[in-house]
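So for the sequence shown, this note's numbering puts the first residue at 1; every next one is plus one.
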Amino acid sequence: MTSADIGLIGLAVMGQNLVLNMDDHGYTVAVYNRTTARTVEFLDGPARGKRVMGTRTVDELVAALKPPRRIMLMVKAGGAVDAIIEQLIPLLDAGDIIIDGGNSYFEDSVRRTRRLGERGLRFIGTGISGGEEGARHGPSIMPGGDPAAWPHVKGILQAIAAKVADGTPCCDWVGPGGAGHYTKMVHNGIEYGDMQVIAEAYHLMRAGLGMSHPEMASTFRRWGDGLLDSYLVDITADILDHTDERGEPTLEAILDAAGQKGTGKWTVIDSLHLGYPMTLVAEAVYARVVSALHDQRIEAAGVLGPGSQPSKATRHGWGDDFVDAIHDALYASKIVSYAQGFMLLGAAGREHGWDLDYGRIAQLWREGCIIRAAFLDDITAAFTRRPGLPSLLLDGFFVDAVRRADPGWRRVVNAAVRAGIPVPAYSSALAFYDAYRSERLPANLVQAQRDYFGAHTYERLDRPRGEFFHTDWTGTGGGATSGSYQA
Ligand code: 6PG
């Protein structure tokens, strides 16, 4: 039996396409799937005539591999990954490598890196983005885990990855432990945000401006040639153009209750743990949650009345240039979302001791993945100008961009509120932007209230940070204060 370069376990859509992609680049791949019938189907179908070796057991797969063995897992995140790792451990030799390419939770990758490391095995937890098409022809790949494993998988992972215009692969070492899966998690959180800001534009165009589907499609197409040049804007135009067998827009037959698999939610939960704002992504997750309350929404629309509906003639009096204002609201909100995402990556990098290269991460997302966009080059440029940039909103390019978009952004949020059309992402992004650039916020009152009812103490503007004071607000309090700590 010829020895295979790499093994892959899990022949669902992503797994199959990655195998074919590896074959395109000259690698021989041994494959295993729990249900052998699927392996047989794959070998007789898409993998016929390719450098793919089918195996019926995990033992057979391991025996088919060249040392150090490289085994990629493309199984459902969670218990299935641990189960297969436990099966593999006794079969492997020191220095062998397990690569988890699923959407695993980053803490699991930290744990697995450690557990396998203790046994002389090497673990890589890698984000892979781009769906079926990306997996087949070049995904974005975000590997982290045991750095000693990277030289052994770099060649193959970079070969199958998408490439930016100058040929640089959208795959590079992100950092140790859970850094790869963390980066993929933030990618997915941003993906939720990007989808929501586009959905809000569609809602305003359809329910607010009464635009037709071809009009909306051509607007998104035009936007996709400019600042908003991105995969998600492009596919939105395609979706808006699509008609069913009756010639009706396919989109309007789809139930408006969004699903989710959890990565957006994890991003927001971790942002709360780290004390960093991911307000736009949080709103995007909640927008899906609210949409899923479909039956309650129908009842509430009956009881409370729906948001106001425009007559086609008046279109709320929004004016012909309102579409441009929506563009600006979308663009500015997107800037805020990425600013928040990179702030979170920074906080996570510091917390976990990962030495993240933010400009390079933006390039890993430049092609292949779901959030691929020209915009990511501007982000890389900002981090090149100032590698330790605390927030994109402090970079000259984005300062100018957001200032230019400001009037349209406010106009849209204002008009949407008056019309009863929800724009949670645009409005929360605007609230964050206004708070972030406020020298003075009303948190002094919050501190005073905490001190009033619980002697939680406060710091003073006229005293150095770290000195805490308590006021006996009623004249009847005792001298004891509550300890000061951050959650
Ligand atoms: C990608 C995607 C992918 C994700 C889907 C579905 O980068 O290719 O992020 O990993 O699983 O987009 O995610 P939701 O079901 O949570 O929307």
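Built from N, CA and C at the ideal position, the CB exists for glycine as well.
With a cutoff of 8 Å on beta-carbon distance, Ile370 and Tyr276 are scored as not near each other. Gly7 is the residue among Ala148, Gly317, Trp223, Gly7 whose C-alpha sits nearest the C-alpha of Asp59.
If one requires a minimum length of 3 residues, the beta strand (DSSP E) runs lying completely within the stretch 16-46 are 29-32, in chain order. The C-alpha of Ala80 lies about 11 Å from the C-alpha of Ser104.
Listed in chain order, the non-local C-beta contacts of Thr28 below 6 Å within the same chain comprise Ala4, Asp5, Arg51, local neighbours out to five positions each way being set aside. Within its own chain, the residues whose Cβ lies closer than 7 Å to the Cβ of Arg136, once the five positions on either side in sequence are excluded, are Asn17, Leu20, Asn21, listed in chain order. Distances from the alpha-carbon of Asp238 to those of Gly54, Leu364, Phe220 put Phe220 closest. The beta-bridge partner set that DSSP reports for Pro249 consists of Thr243. Burial state of Ile298 is exposed, judged by a 10 Å Cβ sphere holding fewer than 16 other Cβ atoms. Per DSSP, Phe123 lies in no alpha helix (DSSP H); the unbroken beta strand (DSSP E) holding it starts and ends at 122-129. When C-beta atoms of the stretch 85-102 are compared with those of the stretch 62-77, three or more pairs fall below 8 Å, so the two segments count as touching. Nearest C-alpha to Gly346 among Arg38, Gly125, Ile326, Ser391: Ser391. With a cutoff of 8 Å on beta-carbon distance, Met74 and Ile9 are scored as near each other. Under the 10 Å beta carbon count, Arg386 is surrounded by fewer than 16 other beta carbons and is classified as exposed.
About 15 Å separates the beta carbons of Ile335 and Val412, which is beyond the 8 Å limit, so they are not a contact pair. The closest CA to that of Asp472, considering only Gln449, Asp462, Ala487, is found on Gln449. Per DSSP, the continuous beta strand (DSSP E) segment holding Gly145 begins and ends at 140-145. Runs of the alpha helix (DSSP H) spanning 4 or more residues and lying entirely within the stretch 74-113 occur at 79-88, in chain order. Judged by their CB atoms, Ala487 and Ala455 are not nearer to each other than the 8 Å cut-off. Distances from the CA of Ala416 to each of Gly317, Gln340, Arg372 were compared; the closest alpha carbon is that of Gly317. Here the C-alpha atom of Leu344 lies approximately 22 Å from the C-alpha atom of Glu367. Distance from the C-beta of Asn188 to the nearest heavy atom of the ligand 6PG is below 7 Å. Under the three-pair Cβ rule at 8 Å, the stretch 350-362 counts as touching the stretch 371-381. When rounded, the separation of the alpha-carbon atoms in Arg38 and Glu132 is 17 Å. Between Gly180 and Gly95, the gap from beta carbon to beta carbon reaches 8 Å or more.
DSSP, read as helix, strand or coil, puts Lys154 in helix. Relative to the non-hydrogen atoms of the ligand 6PG, the Cβ of Ile370 comes within a distance shorter than 7 Å of at least one. Met278: not part of any beta strand (DSSP E); DSSP gives it neither H nor E.
For Leu394, no beta strand (DSSP E) segment is defined, and its DSSP state is neither H nor E.
Per DSSP, the unbroken alpha helix (DSSP H) holding Leu330 starts and ends at 322-352. Runs of the alpha helix (DSSP H) lying entirely within the stretch 375-443 and spanning at least 4 residues, in chain order: 375-385, 396-419, 424-436. Contact between Arg122 and Ala148 holds: their C-beta atoms lie close to 6 Å from each other, under 8 Å.
Met72 carries a strand assignment under DSSP once its states are collapsed to helix, strand and coil. The C-alpha of Asp172 lies about 16 Å from the C-alpha of Met185. Residue range 6-9 is occupied by the beta strand (DSSP E) that includes Ile9.
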